[in-house]
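Student:
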Amino acid sequence: MKKYCVIGYPVSHSLSPKLFNAAFKKKRIFAKYELAEVAPRDFGKFMRNFAVNFAGANVTIPYKEKVIKYLDEVSDEARKIGAVNVIVNGGGKLIGHNTDVYGAISALKTGAKILKGKNVVVLGAGGAARAVVYGLKKAGAHILILNRTLAHAKKLALDFKCEFDGLQNFAINKCDILINTTSVGMWEEKVKGQRSKVKSLYKNATPLPDLKKQLAATQKLPIVMDIIYRPRMTKFLRDAKSAGCKIITGDKMFLAQAEKSFRLWTATPISLKILPR
Ligand code: ATR
1 MKKYCVIGYP
11 VSHSLSPKLF
21 NAAFKKKRIF
31 AKYELAEVAP
41 RDFGKFMRNF
51 AVNFAGANVT
61 IPYKEKVIKY
71 LDEVSDEARK
81 IGAVNVIVNG
91 GGKLIGHNTD
101 VYGAISALKT
111 GAKILKGKNV
121 VVLGAGGAAR
131 AVVYGLKKAG
141 AHILILNRTL
151 AHAKKLALDF
161 KCEFDGLQNF
171 AINKCDILIN
181 TTSVGMWEEK
191 VKGQRSKVKS
201 LYKNATPLPD
211 LKKQLAATQK
221 LPIVMDIIYR
231 PRMTKFLRDA
241 KSAGCKIITG
251 DKMFLAQAEK
261 SFRLWTATPI
271 SLKILPR
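Residue numbering for the sequence shown follows our numbering, starting at 1 and increasing by one per position.
1. Where Asn58 and Ala157 are concerned, what is the direct C-alpha to C-alpha distance, given to the nearest angstrom?
2. Quick check on Ile114: buried or exposed, where buried means 16 or more other Cβ atoms within 10 Å of its Cβ?
3. Buried or exposed, going by whether 16 or more other CB atoms sit within 10 Å of the CB of Lys192?
4. Do the stretch 253-271 and the stretch 208-216 make contact, defined as three or more Cβ pairs closer than 8 Å?
5. Within its chain, find whatever has a CB closer than 7 Å to the CB of Glu65; leave out the 5 residues flanking it on each side and keep chain order.
6. Let me know the secondary structure DSSP gives Lys3 once reduced to three states.
7. Give me the Cα-Cα distance between Thr234 and His13, rounded to the nearest whole angstrom.
8. For Ala104 versus Val67, is the C-beta distance shorter than 7 Å?
9. Give the range of the alpha helix (DSSP H) segment to which Tyr134 is assigned.
10. Using a Cβ-Cβ cut-off of 6 Å (strictly less than) and excluding sequence neighbours within five positions of Gln194, which residues of its own chain qualify?
11. Given 6 Å as the limit, tell me if Val184 has its C-beta closer than that to any heavy atom belonging to the ligand ATR.
12. Let me confirm a value: Ser242 is counted as buried when at least 16 other C-beta atoms fall within 10 Å, else exposed. Which label applies?
13. How is Ile270 classed by DSSP in three states: helix, strand or coil?
14. Does the beta-carbon of His152, which I'm using as the reference point, lie nearer than 6 Å to any heavy atom of the ligand ATR?
15. Cβ of Gly124 versus every heavy atom of the ligand ATR: is any distance shorter than 6 Å?
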């Protein structure tokens, strides 16, 4: 039986095992998908043994960039983005792809028909942000990257010729579309050996604590998207919705990138429309 996994830390919140195991069953493919919660100190060893253990994987926080050095090949797009979220094991040869960019842009287009010329504020500068920024840039948007660690924002901004600033300097004016790519607000369950974030903490965690106040003071409301899909309604999206913004939930991007991942592993198209329970 072929084995697949999602590699991350923490990763226990991931719905990928349920989603892909159901998909394999539906398409009558004899395969199993599991969680691979790999602590940073074990990541190198895990990746060196990957090819003998798995036929493919998804890669998530915090490994989308770090995984590249363990791969034999990287698709053109993933190389340009500088982040990999899908691995295909082709007869022992590990190939990295990026389906986040497709997922992010398809999700965005469900709410924002035109991206060209729009002022987009991207919160975060990690692996997911790289895919979002790459896709937006290609679509002709003007991008401002805001991040907690300014040096990370600067690097991403230089790579893709965008503007950047600290997360604390967020200002709603001149923002048509606002996207959260940080992990703030994500449901984190227990990380092995460590009683990590308590469930109630994520409920009120948001990358922009004063978003509500700023939205109340602006004339033109932005379209607001979160790439977190668990919970589906993050505090960030709840604040935006209560102020009257059109919102795009993270399940849209998650499902779209998953459709593409599945196709890369199995060469079988699949339509994934709802999150598993
Ligand atoms: P991914 O590959 O999924 O994007 P990542 O590369 O670990 O994951 O990036 C996580 C992003 O969330 C980063 O932009 C990170 O900010 P830093 O560059 O300052 O680390 C952001 N992030 C994580 N925790 C945060 C927090 N508590 N407050 C603000 N930003 C946070």
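Note that CB positions come from ideal geometry on N, CA and C, so glycine has one too.
Tutor: Put simply:
1. As a position in the sequence shown, residue 58 is number 58, starting the count at 1. As a position in the sequence shown, residue 157 is number 157, starting the count at 1. Cα to Cα, the separation comes out at about 26 Å.
2. Numbered from 1 along the sequence shown, position 114 holds the residue referred to as residue 114. With fewer than 16 Cβ atoms within 10 Å of its Cβ, Ile114 is classed as exposed.
3. Numbered from 1 along the sequence shown, position 192 holds the residue referred to as residue 192. Because Lys192 carries a pLDDT of 45, less than 50, the predicted location of this residue cannot be relied on, and the following value inherits that uncertainty. Exposed is the call here.
4. no
5. Sequence index remark: in the sequence shown, residue 65 carries index 65 (1-based). Gly82, Ala83, Gly127, listed in sequence order.
6. Your numbering for residue 3 matches position 3 in the sequence shown. Strand.
7. As a position in the sequence shown, residue 234 is number 234, starting the count at 1. As a position in the sequence shown, residue 13 is number 13, starting the count at 1. Distance between the alpha carbons of Thr234 and His13: 14 Å.
8. Taking the first residue of the sequence shown as position 1, residue 104 is located at position 104. Taking the first residue of the sequence shown as position 1, residue 67 is located at position 67. No, the pair does not count as a contact, with Cβ atoms beyond the cut-off.
9. One-based indexing of the sequence shown puts residue 134 at position 134. Counting along the chain, the alpha helix (DSSP H) containing Tyr134 begins and ends at 127-138.
10. Mapped onto the sequence shown, residue 194 falls at position 194. Residue placement at Gln194 is poorly supported in this model, since its pLDDT is 49, which falls under 50; the coordinates are not used for a value here.
11. Counted from its first residue, the sequence shown places residue 184 at position 184. Yes, the Cβ of Val184 comes within 6 Å of a heavy atom of the ligand ATR.
12. On the sequence shown, position 242 is the one that residue 242 refers to. Answer is exposed; the Cβ neighbour count stays below 16.
13. Mapped onto the sequence shown, residue 270 falls at position 270. Coil, per DSSP.
14. In the sequence shown, the residue the question calls residue 152 occupies position 152. Yes; taking the cut-off as 6 Å, the Cβ of His152 has a heavy atom of the ligand ATR nearer than that.
15. Numbered from 1 along the sequence shown, position 124 holds the residue referred to as residue 124. At least one heavy atom of the ligand ATR is nearer than 6 Å to the Cβ of Gly124, so yes.
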